[in-house]
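Chemist: So for the sequence shown, the numbering used here puts the first residue at 207; every next one is plus one. Following this message is one structure expressed as structure tokens.
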Amino acid sequence: MSALELLRDPHYRNYWISLFVSQLGTWMQSAAQAWLVIELTGSAERLGLVVALQFAPSLLFSLPAGVLADRWPRRTLLRITQGSMAALALAMAALLFAGQITYGWVLVFATLYGLANVFDLPTRQAFTVELASRERYPGAIALNSFSFNVARLAGPAIAGLLIARLGMGWAFLINGLSFFPMLVFLSVVPVGLAAAGARGNPLAQLAAGLAYVRRTPEVLSAIVLIFWVGTFAINFQTLVPAYARLVLGLGAEGYGGIMSAMGAGALVGAVGQALARGFNPRRIDYGVGVLVAAHLLLFLPLGPWVVAAVMGLAGLGMVLTLVGTNTLIQTAVPDDLRGRVISIYMLALLGSGPPGSYLTGWLMDVLGGRAAAGALGLLAFAGWAGVRTWAARRARASW
Numbered sequence: 207m208s209a210l211e212l213l214r215d216p217h218y219r220n221y222w223i224s225l226f227v228s229q230l231g232t233w234m235q236s237a238a239q240a241w242l243v244i245e246l247t248g249s250a251e252r253l254g255l256v257v258a259l260q261f262a263p264s265l266l267f268s269l270p271a272g273v274l275a276d277r278w279p280r281r282t283l284l285r286i287t288q289g290s291m292a293a294l295a296l297a298m299a300a301l302l303f304a305g306q307i308t309y310g311w312v313l314v315f316a317t318l319y320g321l322a323n324v325f326d327l328p329t330r331q332a333f334t335v336e337l338a339s340r341e342r343y344p345g346a347i348a349l350n351s352f353s354f355n356v357a358r359l360a361g362p363a364i365a366g367l368l369i370a371r372l373g374m375g376w377a378f379l380i381n382g383l384s385f386f387p388m389l390v391f392l393s394v395v396p397v398g399l400a401a402a403g404a405r406g407n408p409l410a411q412l413a414a415g416l417a418y419v420r421r422t423p424e425v426l427s428a429i430v431l432i433f434w435v436g437t438f439a440i441n442f443q444t445l446v447p448a449y450a451r452l453v454l455g456l457g458a459e460g461y462g463g464i465m466s467a468m469g470a471g472a473l474v475g476a477v478g479q480a481l482a483r484g485f486n487p488r489r490i491d492y493g494v495g496v497l498v499a500a501h502l503l504l505f506l507p508l509g510p511w512v513v514a515a516v517m518g519l520a521g522l523g524m525v526l527t528l529v530g531t532n533t534l535i536q537t538a539v540p541d542d543l544r545g546r547v548i549s550i551y552m553l554a555l556l557g558s559g560p561p562g563s564y565l566t567g568w569l570m571d572v573l574g575g576r577a578a579a580g581a582l583g584l585l586a587f588a589g590w591a592g593v594r595t596w597a598a599r600r601a602r603a604s605w
């Protein structure tokens with residue numbers, strides 16, 4: 207079944223539209239938050255710290271969140287997480303409109319937002335499978351990737367215009383309001399579509415998820431790879447605003463343009479995946495290769511338009527890598543282990559954020575933006591080569 211055929215299902219169509227509205231607001235806020243920190247501090251390292259704190263809860267709570275997603279009604283969990291993120295965004299908007307925002311408030315907001323998000327992600331991904339069914343899941347993930355990357359394309363551009371003409375607060379306000387369509391959908395969707403499954407001892411359930419990952423080479427290698435690549439080559443929330451302001455000397459609209467160029471590249475990848483029938487794991491390797499090439503190109507003394515094109519390549523590589531690893535894992539995992547295995551995957555992906563974001567900011571302050579980008583690309587390539595060598599040896603040993 208193609209991705210577009212899923213939209214004939216009214217439940218999934220309403221879910222997808224609500225999710226897109228929320229994603230658009232989230233990308234507006236993400237761009238505004240990064241630019242706000244650069245404006246307040248002028249430091250890539252301090253921006254890296256904000257992003258690191260936003261991802262830090264994933265290190266502590268990703269695995270418990272996966273167990274919770276398998277035990278509690280997912281509709282209830284999503285209403286809590288989505289409502290919490292809406293409230294936080296509206297609170298930040300109020301601080302900005304009142305002129306009371308400080309770097310300390312941004313640190314607090316980022317940490318609390320990340321805490322809500324770490325429980326939202328595995329629950330939402332498991333909920334997506336319930337709505338789409340396992341057979342239709344590759345189409346669902348391609349369709350969701352398409353909407354996510356349309357939002358990635360449009361959100362930062364809209365945020366750049368709002369920041370330049372109306373102020374930061376509007377981006378946070380719109381994001382807070384963007385959660386309400388999803389909250390309405392969750393209030394009317396039939397309960398049976400959002401029911402939890404597993405019961406029993408939570409620690410035993412967590413151990414079962416970890417044991418499955420350990421004994422399944424393709425899943426384990428995908429998780430290790432996404433942690434390494436996430437650490438060194440998917441830190442655009444730190445890299446792009448710092449590079450735009452500190453290396454290229456751009457303003458908010460120029461920064462939004464570069465972020466949108468990355469979204470355009472990601473959208474090309476998402477459309478390709480949505481139209482493709484079947485899944486080829488080699489796309490993961492193609493994605494990592496494109497990410498590495500983009501980072502190495504940023505080492506060169508390029509102008510803003512060329513940098514925007516390079517970030518388009520980076521967006522394409524990111525989508526190929528993330529959608530590829532996610533699809534591989536989701537189509538391999540048994541239904542009763544889904545939430546826990548997703549949470550392990552999300553721990554690897556989001557857990558790469560704290561060290562990777564801070565390292566990116568620190569390297570940019572110490573080495574300069576261009577040298578830092580090149581170094582990160584080389585480190586990402588080394589990790590990819592190591593994982594693939596290990597996977598090949600494991601495969602030969604199993605014969």
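From the three backbone atoms N, C-alpha and C, an ideal C-beta is built for every residue, glycine too.
If I follow the unbroken alpha helix (DSSP H) through L283, where does it start and stop?
Modeler: Counting along the chain, the alpha helix (DSSP H) containing L283 begins and ends at R280 to A304.
Chemist: Going residue by residue through the stretch 213–248, where are the continuous alpha helix (DSSP H) segments of at least 4 residues, counting only ones entirely within it?
Modeler: As far as the stretch 213–248 is concerned, its whole alpha helix (DSSP H) runs of at least 4 residues are 216–247.
Chemist: Rounded to whole angstroms, what's the CA-CA distance from V693 to L367? Just pull it up for me.
Modeler: It is not possible to answer for residue 693, since the shown part of the chain is limited to 207 through 605.
Chemist: Name the two residues that bound the continuous alpha helix (DSSP H) containing M524.
Modeler: P510 to A538 is the span of the alpha helix (DSSP H), which, as asked, contains M524.
Chemist: State yes or no: is the C-beta of T329 within less than 8 Å of the C-beta of L284?
Modeler: Taking 8 Å as the Cβ cut-off, T329 and L284 qualify as a contacting pair.
Chemist: Mind checking whether I244 and R451 have CB atoms under 8 Å apart?
Modeler: Contact: yes.
Chemist: Label L409 either buried or exposed according to how many other C-beta atoms from any shown protein chain fall within 10 Å of its C-beta, with 16 as the threshold for buried.
Modeler: L409 comes out exposed.
Chemist: Along the alpha helix (DSSP H) that carries G455, what are the first and last residues, could you check?
Modeler: No alpha helix (DSSP H) holds G455; DSSP gives it neither H nor E.
Chemist: According to the neighbour-count rule (16 or more other Cβ atoms, all chains shown, within 10 Å of its Cβ), is P263 buried or exposed?
Modeler: It is buried - the Cβ of P263 has at least 16 other Cβ atoms within 10 Å.
Chemist: In the DSSP assignment, find the alpha helix (DSSP H) that holds N323 and state where it starts and stops.
Modeler: Looking at the DSSP string, the run of the alpha helix (DSSP H) that includes N323 is Y309 to A338.
Chemist: From S224 to M388, what distance separates their C-alpha atoms?
Modeler: Using only the alpha carbons, I get a separation of about 5 Å.
Chemist: Buried or exposed for G376, going by 16 or more other Cβ atoms inside 10 Å?
Modeler: Looking at the sequence itself, residue 376 is Trp, so the reference to Gly does not match. By the 10 Å Cβ count, W376 comes out buried.
Chemist: In chain order, what residues of the same chain lie with their CB nearer than 6 Å to the CB of M517, ignoring the 5 residues before and after it?
Modeler: Closer than 6 Å at the Cβ level, and outside the excluded window around M517, lie I464, A467 and M468.
Chemist: Inspect the CB distances between the stretch 295–313 and the stretch 355–367 and report whether three or more fall short of 8 Å.
Modeler: Contact between the stretch 295–313 and the stretch 355–367 is absent, because fewer than three Cβ pairs lie under 8 Å.
Chemist: Exposed or buried, W511, counting other C-beta atoms within 10 Å across all chains shown (16 or more means buried)?
Modeler: Exposed, because fewer than 16 other Cβ atoms sit within 10 Å of the Cβ of W511.
Chemist: Around the Cβ of G592, are there at least 16 other Cβ atoms within 10 angstroms (buried) or fewer (exposed)?
Modeler: With fewer than 16 Cβ atoms within 10 Å of its Cβ, G592 is classed as exposed.
Chemist: Taking the CB atoms as reference points, tell me whether S384 and V227 lie closer together than 8 Å.
Modeler: It is a contact, given that the beta carbons lie within the stated cut-off.
Chemist: Just verifying my parser: in three-state terms, what is the DSSP assignment at I440?
Modeler: Coil at I440, not helix or strand.
Chemist: Check whether the stretch 291–303 and the stretch 431–444 touch, using three or more Cβ-Cβ pairs below 8 Å as the test.
Modeler: As far as the Cβ criterion goes, the stretch 291–303 does not touch the stretch 431–444, which means the pair count is below three.
Chemist: Taking the alpha carbon of A588 as the point to measure from, which residue in D491, G530 and L522 has its own alpha carbon closest?
Modeler: Measuring from the Cα of A588, the nearest candidate turns out to be D491.
Chemist: Return yes when the Cβ of L454 is within less than 8 Å of the Cβ of V513, no when it is not.
Modeler: A contact, by the Cβ cut-off of 8 Å.
Chemist: Is the beta carbon of A470 sitting closer than 8 Å to the one on G521?
Modeler: Yes; because the gap between Cβ atoms is below 8 Å, this pair is in contact.
Chemist: How many Å lie between A332 and G559 at the Cα?
Modeler: Taking the straight line from one Cα to the other gives about 22 Å.
Chemist: Can you tell me whether P487 is helix, strand or coil according to DSSP?
Modeler: Correct three-state label for P487: coil.
Chemist: In its own chain, which residues sit with a C-beta less than 6 Å from the C-beta of N350, not counting the 5 before and 5 after it?
Modeler: There are no such residues.
Chemist: According to DSSP, is L503 helix, strand or coil?
Modeler: DSSP places L503 in helix when its eight states are reduced to three.
Chemist: Between the stretch 532–551 and the stretch 247–257, do at least 3 Cβ pairs fall closer than 8 Å?
Modeler: Not touching, per the Cβ criterion.
Chemist: Can you say whether R214 is buried or exposed, counting buried as having 16 or more other CB atoms within 10 angstroms of its CB?
Modeler: Exposed, by the Cβ-count rule.
Chemist: Apart from the five residues on each side of it in sequence, which residues of its chain come closer than 6 Å, Cβ to Cβ, to D326?
Modeler: Excluding residues within five positions, the ones whose Cβ falls inside 6 Å are T287.
Chemist: Kindly list the residues whose CB is nearer than 8 Å to the CB of L321, restricted to its own chain and excluding five residues on each side of it in sequence; keep chain order.
Modeler: Here the set comprises P263 and F267.
Chemist: Hey, would you say Y218 sits closer than 8 Å to Q260, going by beta carbons?
Modeler: Not in contact: Y218 and Q260 (Cβ atoms no closer than 8 Å).
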